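Peer 1: Quick one: structure below, then a few questions.
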Amino acid sequence: MLLEAIILGFVQGLTEFLPISSSAHLRILGEFLPSAQDPGAAFTAITQIGTEAAVVVFFWRDIVRIIGHWFRALFGRIPRNDPDAKLGWLIIVGSIPIVVLGLLFQDQIETVLRSLWITAGMLIFFGVLLGIADHVGAKKRKLQDITIGHGVIYGFAQSLALIPGVSRSGGTITAGLFMGYERAAAARYAFLLAIPAVFGSGFFQLFKSLDEPGLFTLGETAVATAVAFIVALGVIAFFMNWISKHSFLPFVVYRVAVGSLLLVLLSMGVINP
Numbered sequence: 003m004l005l006e007a008i009i010l011g012f013v014q015g016l017t018e019f020l021p022i023s024s025s026a027h028l029r030i031l032g033e034f035l036p037s038a039q040d041p042g043a044a045f046t047a048i049t050q051i052g053t054e055a056a057v058v059v060f061f062w063r064d065i066v067r068i069i070g071h072w073f074r075a076l077f078g079r080i081p082r083n084d085p086d087a088k089l090g091w092l093i094i095v096g097s098i099p100i101v102v103l104g105l106l107f108q109d110q111i112e113t114v115l116r117s118l119w120i121t122a123g124m125l126i127f128f129g130v131l132l133g134i135a136d137h138v139g140a141k142k143r144k145l146q147d148i149t150i151g152h153g154v155i156y157g158f159a160q161s162l163a164l165i166p167g168v169s170r171s172g173g174t175i176t177a178g179l180f181m182g183y184e185r186a187a188a189a190r191y192a193f194l195l196a197i198p199a200v201f202g203s204g205f206f207q208l209f210k211s212l213d214e215p216g217l218f219t220l221g222e223t224a225v226a227t228a229v230a231f232i233v234a235l236g237v238i239a240f241f242m243n244w245i246s247k248h249s250f251l252p253f254v255v256y257r258v259a260v261g262s263l264l265l266v267l268l269s270m271g272v273i274n275p
């Protein structure tokens with residue numbers, strides 16, 4: 003089972019920050035590994051701690067600056083409209099929807115919403131939506147242009163990632179593109195916005211797993227999380243460089259292709275939904 007955990011950790015790190023849905027890939031891949039089982043929402047959430055730790059390392063200077071300015075503005079040491087202090091508030095506001103919806107629909111998220119039929123549909127639908135947003139978006143707004151209203155919209159877009167196949171980065175970036183933000187700005191905010199939600203969800207599931215063992219042991223899950231961290235560091239660097247020069251079209255094509263193939267396999271009974 004350790005080898006399976008390592009493979010899943012590698013895929014988690016590879017797909018978390020690309021707009022192709024890491025949870026969908028773990029869900030699908032689980033059916034083709036020797037155990038032929040869904041690794042589960044808990045395993046996915048815990049390994050995301052590794053990928054999110056990669057975000058903290060990659061954006062460390064930004065994160066320290068944002069937190070520092072937020073606290074200084076809170077106590078009146080710098081203007082409350084300071085861009086970094088404002089961004090701190092926007093990350094807090096944008097994190098609320100996924101926390102509330104995650105708690106309200108926890109049972110559905112861990113059961114019915116993990117159906118591969120839903121995963122396939124979400125891969126295709128949100129892939130097409132990303133392509134449309136990338137094509138029609140003005141791409142003029144920068145990170146400092148985000149308003150409270152836009153932050154809330156970003157937050158609800160992120161919460162859609164509770165459904166495997168949507169993609170946390172993909173859903174958030176799509177919303178940003180529709181609102182006219184530059185590709186890099188939309189991606190940067192998506193990565194920063196994910197930090198509170200992913201760490202909260204991951205450690206919550208880690209605490210639960212102490213009493214409710216899943217498919218993998220804590221040791222195997224820890225190894226998978228470490229692998230996800232290492233792979234994710236390289237992926238973030240690649241992705242931020244890619245989107246500054248290219249469109250999201252390859253990811254759109256990939257999502258639609260994988261979703262369509264999954265529908266065919268499900269229809270033929272090759273895999274169990």
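Numbering of the sequence shown is given in our numbering, commencing with residue 3 and proceeding in unit increments. Just so you know, even glycine gets a beta-carbon here, dropped at the ideal spot from N, CA and C. Just so we're clear, the structure is a prediction, and the values are computed from it rather than from any experiment.
#1: Compare the Cα-Cα distances from S169 to each of F19, L10, V13 and G15 and report the closest residue.
#2: Quick one, are the C-beta atoms of G261 and L125 less than 7 Å apart?
#3: Could you check where the alpha helix (DSSP H) with V272 kicks off and where it finishes?
#4: Using 10 angstroms around the beta-carbon of H137, count the other beta-carbons present and answer buried if the total reaches 16, otherwise exposed.
#5: Assuming contact is defined by CB atoms lying nearer than 7 Å, are F231 and A55 in contact in what I supplied?
#6: Once DSSP output is grouped into helix, strand and coil, what is the label at R79?
#7: Between the beta-carbon of G167 and the beta-carbon of S23, is there less than 7 Å?
#8: Pull up the distance between the alpha-carbon of F218 and that of R29, whole angstroms please.
#9: Would you list the one or two residues that DSSP bridges to R143?
#10: Rounded to the nearest angstrom, how far is the Cβ of P198 from that of I93, given a contact under 8 Å?
#11: Among residues of its own chain, excluding the 5 on either side of M181, which ones have a beta-carbon nearer than 6 Å to its beta-carbon?
#12: Expressed to the nearest angstrom, what Euclidean distance is found between the alpha-carbon atoms of M364 and F127?
#13: By the 10 Å Cβ neighbour count, where 16 or more other Cβ atoms means buried, how is A226 classified, buried or exposed?
#14: Do you know whose CA, among G172, V200 and L220, lies nearest G250's CA?
#15: Is it the case that the stretch 239–255 contacts the stretch 63–80, given that we only count it when at least three CB pairs across the two stretches are under 8 Å?
#16: Can the beta-carbon of V200 be found less than 7 Å from the beta-carbon of Q50?
#17: Sorted by chain position, which residues of the same chain lie with C-beta nearer than 6 Å to G32's C-beta, five sequence neighbours on each side aside?
#18: For S25 versus T46, is the C-beta spacing smaller than 7 Å?
Peer 2: Quick answer:
#1: Numbered from its first residue, the sequence shown carries residue 169 at position 167. Among F19, L10, V13 and G15, the Cα nearest to that of S169 belongs to F19.
#2: Residue 261 sits at position 259 when you count from the first residue of the sequence shown. Residue 125 sits at position 123 when you count from the first residue of the sequence shown. Contact flag set, yes.
#3: Counted from its first residue, the sequence shown places residue 272 at position 270. V272 -> no alpha helix (DSSP H), and no H or E assigned at all.
#4: As a first step, residue 137 is located in the sequence shown; it is residue number 135 there, counting from the start. Exposed, by the Cβ-count rule.
#5: Your numbering for residue 231 matches position 229 in the sequence shown. Your numbering for residue 55 matches position 53 in the sequence shown. For F231 and A55, yes; Cβs fall inside 7 Å.
#6: Within the sequence shown, the letter at position 77 stands for residue 79. Correct three-state label for R79: coil.
#7: Along the sequence shown, read from residue 1 onward, the residue named residue 167 stands at position 165. Along the sequence shown, read from residue 1 onward, the residue named residue 23 stands at position 21. Yes.
#8: Residue 218 sits at position 216 when you count from the first residue of the sequence shown. Residue 29 sits at position 27 when you count from the first residue of the sequence shown. About 14 Å.
#9: By 1-based counting over the sequence shown, the position of residue 143 is 141. Answer is Y183.
#10: Here residue 198 corresponds to residue number 196 of the sequence shown, with the count starting at 1. Here residue 93 corresponds to residue number 91 of the sequence shown, with the count starting at 1. 7 Å between Cβ atoms; contact.
#11: On the sequence shown, residue 181 is found 179 positions in, with the first residue counted as 1. So the qualifying residues of the chain are H152.
#12: Within the shown structure, residues of the chain are numbered from 3 to 275, placing residue 364 beyond reach of any answer.
#13: If you number the sequence shown from 1, residue 226 lands on position 224. That one is buried.
#14: Stepping through the sequence shown from its first residue, residue 250 is reached at position 248. Inspection of the sequence shows that residue 250 is occupied by Phe rather than by Gly. If we check each option's Cα against that of F250, G172 comes out closest.
#15: no
#16: If you number the sequence shown from 1, residue 200 lands on position 198. If you number the sequence shown from 1, residue 50 lands on position 48. In this structure, Q50 lies closer than 7 Å to V200 by Cβ.
#17: Against the sequence shown, residue 32 aligns to sequence position 30. Only Q39, D40 and P41 meet the Cβ criterion.
#18: Mapped onto the sequence shown, residue 25 falls at position 23. Mapped onto the sequence shown, residue 46 falls at position 44. Against a cut-off of 7 Å, the Cβ pair of T46 and S25 comes out as a contact.
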